[in-house]
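Residue numbers (our numbering): 3 to 319. Here a beta-carbon is modelled for each residue, glycine too, at the ideal position from N, C-alpha and C. Take a look at the structure below.
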Amino acid sequence: MKKILITGATGQIGTELTMKLRQLYGSDNVIATNIRKHEDNPIVNGDPFELLDVRDYSRFFELATKYNIDTIIHLAAFLSATAEKKPLLAWDLNMGGLLNGLEVARELNCQFFTPSSIGAFGPSTEKNNTPQDTIQRPNTMYGINKVAGELLCDYYYNKYGVDTRGLRFPGLISSVALPGGGTTDYAVHIYYEALMNRSYTSYLKSDTFMDMMYMPDAINSIIKLMEANPDQLKHRNAYNVSAMSFSPEMIANAIKKHIPDFEIHYEIDEKRQSIADSWPNSIDSTCATEEWGFHSVYDLDQMTQDMIIKVKKKLNL
Ligand code: AKB
Numbered sequence: 003m004k005k006i007l008i009t010g011a012t013g014q015i016g017t018e019l020t021m022k023l024r025q026l027y028g029s030d031n032v033i034a035t036n037i038r039k040h041e042d043n044p045i046v047n048g049d050p051f052e053l054l055d056v057r058d059y060s061r062f063f064e065l066a067t068k069y070n071i072d073t074i075i076h077l078a079a080f081l082s083a084t085a086e087k088k089p090l091l092a093w094d095l096n097m098g099g100l101l102n103g104l105e106v107a108r109e110l111n112c113q114f115f116t117p118s119s120i121g122a123f124g125p126s127t128e129k130n131n132t133p134q135d136t137i138q139r140p141n142t143m144y145g146i147n148k149v150a151g152e153l154l155c156d157y158y159y160n161k162y163g164v165d166t167r168g169l170r171f172p173g174l175i176s177s178v179a180l181p182g183g184g185t186t187d188y189a190v191h192i193y194y195e196a197l198m199n200r201s202y203t204s205y206l207k208s209d210t211f212m213d214m215m216y217m218p219d220a221i222n223s224i225i226k227l228m229e230a231n232p233d234q235l236k237h238r239n240a241y242n243v244s245a246m247s248f249s250p251e252m253i254a255n256a257i258k259k260h261i262p263d264f265e266i267h268y269e270i271d272e273k274r275q276s277i278a279d280s281w282p283n284s285i286d287s288t289c290a291t292e293e294w295g296f297h298s299v300y301d302l303d304q305m306t307q308d309m310i311i312k313v314k315k316k317l318n319l
């Protein structure tokens with residue numbers, strides 16, 4: 003990775019990834035792009051930022067050429083809950099944007115990363131310790147996009163030799179940029195509400211287990227995978243990675259250790275509940291560990307401690 007273009011760079015992953023890559027590779031070598039310029043986002047001012055709607059192939063190609071890009075990190079996409087509300091738009095953005103990114107990578111011989119998700123699994127997948135290679139029959143538009151995306155990335159690798167790499171991310175928890183439109187978003191919002199109001203109303207049932215990861219571990223895993231020796235990679239698109247699996251009740255209990263009067267209540271949103279119920283409770287990351295040394299640092303308690311310090315500071319509390 004020498005000259006990196008990031009799509010969806012002001013999103014939840016993109017914001018922290020852009021900051022970290024700029025530290026590592028130099029600010030001028032990391033071109034942040036997004037469909038809109040969010041003026042309050044820390045990455046849009048000073049360093050290279052360009053407007054890009056990833057559905058616009060000519061603009062995508064023009065920017066990659068202008069900056070002499072050798073690596074594309076393609077993050078622009080709708081998450082699961084939004085994709086379920088707007089399935090046609092989700093297909094257009096998630097698949098159209100990905101295909102454009104892959105085409106630019108093929109034309110310009112770029113390395114290519116895009117995230118897949120635990121959403122690439124479905125109700126017929128083994129729920130616990132879900133293996134790397136298993137049944138993938140998701141019943142959500144987001145999941146369908148993710149499985150098709152994994153296959154498309156494999157296709158570009160096998161047919162054209164594009165160096166495609168991907169991770170099946172679990173829910174990501176972060177203190178810098180908020181997530182939007184996902185099913186796992188509760189695990190971020192709960193910290194803000196706990197600090198501001200001492201109370202959070204969960205849209206998922208108390209015992210709904212899903213995989214999760216703290217953003218610093220997610221960022222490190224992207225960089226480690228992108229820097230891995232290609233000869234080591236057998237699966238490529240995409241590796242199971244997870245750091246922890248918990249339920250709303252468990253995260254609430256972890257928060258109560260710091261904020262004893264915090265209370266969690268439940269008001270179930272059937273749509274997001276059914277998405278969560280179709281996903282695994284926990285996935286097996288062994289293959290990522292064996293092929294390129296994936297590991298995570300933060301567990302639920304360490305993440306909670308760090309989130310409380312950072313969000314408190316952010317909210318000036
Ligand atoms: C979502 O909830 O849609 C995402 C994901 C797990 O892919 N956070």
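query = What are the uninterrupted segments assigned as alpha helix (DSSP H) that are 4 or more residues long and contained completely in the region 74-111, given in chain order?
reply = 82-87, 89-92 and 98-110
ask   = Given a threshold of 16 other Cβ atoms within 10 Å of its Cβ, counted over all protein chains shown, does Glu18 qualify as buried or as exposed?
value = buried
query = By DSSP, does Glu52 sit in helix, in strand, or in coil?
reply = strand
task = Find the nearest neighbour of Met252 within the set Thr306, Phe62, Trp281 and Gly295, judged by alpha-carbon distance.
result = Thr306
key: Ser247 (DSSP reduced to helix, strand or coil)   = strand
ask   = In terms of residue numbering, what span does the alpha helix (DSSP H) encompassing Tyr202 cover?
value = Not the alpha helix (DSSP H): Tyr202 falls in the beta strand (DSSP E), residues Ser201 to Ser204.
key: At least three beta-carbon pairs within less than 8 Å, the region 256-276 to the region 203-219   = yes
key: Cβ neighbours of Asn130 in the same chain (closer than 6 Å, five flanking residues each side left out)   = Asn283 and Ser284
message = Once DSSP output is grouped into helix, strand and coil, what is the label at Ile266?
response = strand
For Phe62, three-class secondary structure by DSSP = helix
request  = Look at the alpha carbon of Val299 and the alpha carbon of Thr288, and state the distance between them as a whole number of angstroms.
outcome  = 15 Å
ask   = Mind checking whether the beta-carbon of Gly16 lies closer than 7 Å to any heavy atom of the ligand AKB?
value = no
key: Close Cβ partners of Asn141 (< 7 Å) along its chain, the five nearest in sequence each way excluded   = Gly124, Pro125 and Ser280
request  = Measuring alpha carbon to alpha carbon, tell me which of Gly145, Ile137 and Pro44 ends up nearest Ala79.
outcome  = Gly145
ask   = Is Tyr159 near the ligand AKB, in the sense that its beta carbon is under 7 Å from a heavy atom of that ligand?
value = no
message = Which residues does DSSP list as the beta-bridge partners of Thr35?
response = Glu52
task = Consult DSSP for Leu180 and reduce its assignment to one of helix, strand or coil.
result = coil
query = Is the CB-CB distance between Ile74 and Phe114 below 8 Å?
reply = yes
ask   = Using a threshold of 7 Å, is the CB atom of Thr20 nearer than that to any non-hydrogen atom of the ligand AKB?
value = no
query = Does the Cβ of Met198 have 16 or more other Cβ atoms within 10 Å, making it buried, or fewer, making it exposed?
reply = exposed
ask   = Grouping DSSP H, G and I as helix and E and B as strand, with all else coil, what is Gln307?
value = helix
request  = Mind the definition here: the region 65-73 touches the region 96-114 only if three or more C-beta pairs lie below 8 Å; say whether that holds.
outcome  = yes
request  = Please work out which residues of its chain come closer than 6 Å, Cβ to Cβ, to Tyr162, disregarding the five sequence neighbours upstream and downstream, and give them in chain order.
outcome  = Arg108
query = Would DSSP call Asn160 helix, strand or coil?
reply = helix
query = Looking at C-alpha atoms only, which residue of Tyr188, Ile225 and Tyr194 is the closest neighbour of Met212?
reply = Tyr188
message = At a cut-off of 7 Å, would you count Tyr194 as near the ligand AKB, judging by its Cβ distance to the nearest heavy atom?
response = no
inquiry  = Could you check if Ile221 belongs to the surroundings of the ligand AKB, using beta carbon to heavy atom distance under 7 Å?
reply    = no
Option in Val178, Asn242 and Pro250 with minimal Cα separation from Gln14 = Val178
task = Say yes only if the C-beta of Thr306 is nearer than 7 Å to one or more non-hydrogen atoms of the ligand AKB, and no if none qualify.
result = no
inquiry  = If I measure Cβ to Cβ from Lys4 and keep anything under 6 Å in the same chain, skipping five residues before and after, which residues do I get?
reply    = Asp72
task = Only counting runs of 4 or more residues, tell me where the alpha helix (DSSP H) segments fall wholly within the region 276-306, in order along the chain.
result = 288-294
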